[in-house]
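Heads up, the thing below is written out as C-alpha cells.
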Amino acid sequence: MKDIFGKALLDYQNGNYTEDIITSTSISDEDILPLPYLFRSFSEMPKLEQKALQLAKGYVLDVGCGTGSHSLYLEKKGLHVKAIDISKGAIHVAKQRGVTNAEAIDILDETETFDTILLLMNGTGIFQELIQVSKYLKHLKSLLKPNGQILIDSSDIKYMYEDEDGGFWVDTSAEYYGELDYFISYKGEKETPLKWLYLDFNTLKLACETVGLHCELIKEGEHFDYLARITDLYFTKDISI
Ligand SMILES: C[S@@+](CC[C@H](N)C(=O)[O-])C[C@H]1O[C@@H](n2cnc3c(N)ncnc32)[C@H](O)[C@@H]1O
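Okay, so the sequence shown: first residue is 13 according to the working numbering, each after it adds one.
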C-alpha cells in the first residue's frame, strides 16, 4: 500500500488542498471523493452516521477512523475512544486534529475489548470479499465486552446493475455482486487496487448468524444504505440459554 489516501489527508490538514481523490470501481466510472467530506463535522454527517454516534456507549473502537471525525465527536461528548486505521497518514492527521488515542494498526491485529465498535462509511468494505466476512466477524466478536455492540453501515448496491427497462441484471454465476475492485488516484499517483465489499442487510445478517452474532436493522438511509447493530447472541435478551 502506497498510502495515497493518507497523503491526500495530510495535504488537506496541512493547508495544501488543491485536488480531490479520484475513485473508480470495477463496475463504475471515475468519481470524485471530496477531501473536505473526510473532515466532516457532526452536522455534515449522513443521518445513519449521526444515529450510530448517538448509540455509541462506553469504551469505543473507531475502526478505519480516517481523519477521526467520529472519534473527535465522541471524545468531545466525554466517551473514551480508541481510533485505528491501516493508513499511517490518516492516523497522523487524526492525532493532529486532537484524537487522543489513535494507532496505525489493522483491525485483525487489535486485541483490546470494547463496549462499542464503530465501522462507518461503508464499514463492510474492510472485509474486502464475501469469503472473508466470517473471519472478520469472529474477530470483531472477540473484541466485544459483555453486552457490547458493533455499529456498522453499508449499502445494497444491486441498483448499480439495473438496466434501462428497470430490470436487474446480475450474473448469478459470478462472485457476490457487492464485491468490487476499488481504484484510487491522487495528484496523478495510483494506489494499489483494493478489494471493497458492499453487503446487503440480509447477507450481513445471515453471516452474523453463522458465527453466533445477532444483527438488527437500526435505520435505513435514502439510497439503499443502512445502519445495523450487531451483538453477541449469548448476551441478546430474547435468546434463552
Ligand atoms: C472509507 S474510509 C472511512 C474513513 C472514516 N471512517 C470516515 O467515515 O471518514 C475507510 C478507512 O478504513 C481504513 N481501513 C481499511 N482496511 C482497514 C483495516 N483492515 N483495518 C483498519 N483500517 C482499515 C482505510 O485506511 C480508510 O481510512
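Glycine residues also receive a C-beta, built at the ideal position from the N, C-alpha and C atoms.
{"Query": "At 3 residues or longer, what runs of the beta strand (DSSP E) sit wholly inside the stretch 70–122?", "Result": "71–75 and 92–96"}
{"Query": "Quick check: what's the CA-CA separation for K69 versus D127?", "Result": "7 Å"}
{"Query": "Sorted by chain position, which residues of the same chain lie with C-beta nearer than 8 Å to I253's C-beta, five sequence neighbours on each side aside?", "Result": "Reliability fails at I253, whose pLDDT of 46 lies under 50, so the model's placement of it is uncertain and no value is given."}
{"Query": "Take the Cβ of W181 as the centre, count every other Cβ of all protein chains shown within 10 Å, and call the residue buried at 16 or more, exposed below.", "Result": "exposed"}
{"Query": "Using 8 Å for Cβ pairs, my map puts D74 next to A102. What's the rounded Cβ distance?", "Result": "No, D74 and A102 are not in contact; Cβ-Cβ is about 11 Å, not under 8 Å."}
{"Query": "Pick helix, strand or coil for E61, following the three-state DSSP scheme.", "Result": "helix"}
{"Query": "For ligand 1, I want to know if D121 counts as a neighbour, meaning its beta carbon is within less than 6 Å of at least one of the ligand's heavy atoms.", "Result": "no"}
{"Query": "Of the choices L21, L216 and I230, whose alpha-carbon is the least far from that of L142?", "Result": "L216"}
{"Query": "Is any heavy atom in ligand 1 found nearer than 6 Å to the beta carbon of L67?", "Result": "no"}
{"Query": "Within 6 Å: the Cβ of S53 and any heavy atom of ligand 1?", "Result": "no"}
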